[in-house]
Amino acid sequence: MLHSMSTTVEPSSERSAAEVNEEIRALWLRSGGTLSVEQRAEYQRLVMEWANAAPESVKAA
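Positions 1 to 61 (our numbering) are the ones given, in order, by the sequence shown.
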C-alpha cells in the first residue's frame, strides 16, 4: 500500500542549505546506508527543506 506524503516544508527555522545538508549526511551515516520507512520520511522532509534553502545557482547545477 502506498502512502501519500506531504510535500510542504514546515518552516521550523531558517537554516542554511549547508546546515540541512549536514543533517542529511548524518541521517545516512546513522542508517548505515539503508533508510527505514521513518528515516525515508525524514529524508524527504530534509531534502525539501534543503531545496528551499539552497541558492538558485546550486539548484541549477
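The beta carbon of each residue, even a glycine, is placed where N, CA and C say it ideally should be. What you are looking at is a predicted structure, and each value in this text was computed from that prediction instead of being measured.
*asked:* I need the boundaries of the alpha helix (DSSP H) containing SER31, first residue and last residue.
replied: 17-31 is the extent of the alpha helix (DSSP H) around SER31.
*Spatial neighbours of ALA17 within its chain, please: CB distance less than 8 Å, with the 5 preceding and 5 following residues excluded, ordered by chain position.*
Cβ neighbours of ALA17 within its own chain (closer than 8 Å, five residues either side excluded): TRP50, ALA53, ALA54, PRO55 and VAL58.
_Just verifying my parser: in three-state terms, what is the DSSP assignment at LEU35?_
Three-state result, LEU35: coil.
*Helix, strand or coil: how does DSSP classify GLU49 here?*
Helix, per DSSP.
*Assuming LEU46 and LEU29 make a contact with CB atoms under 8 Å, what is their CB distance in whole Å?*
Between LEU46 and LEU29 the beta-carbon gap is near 13 Å, outside 8 Å, which marks them as no contact.
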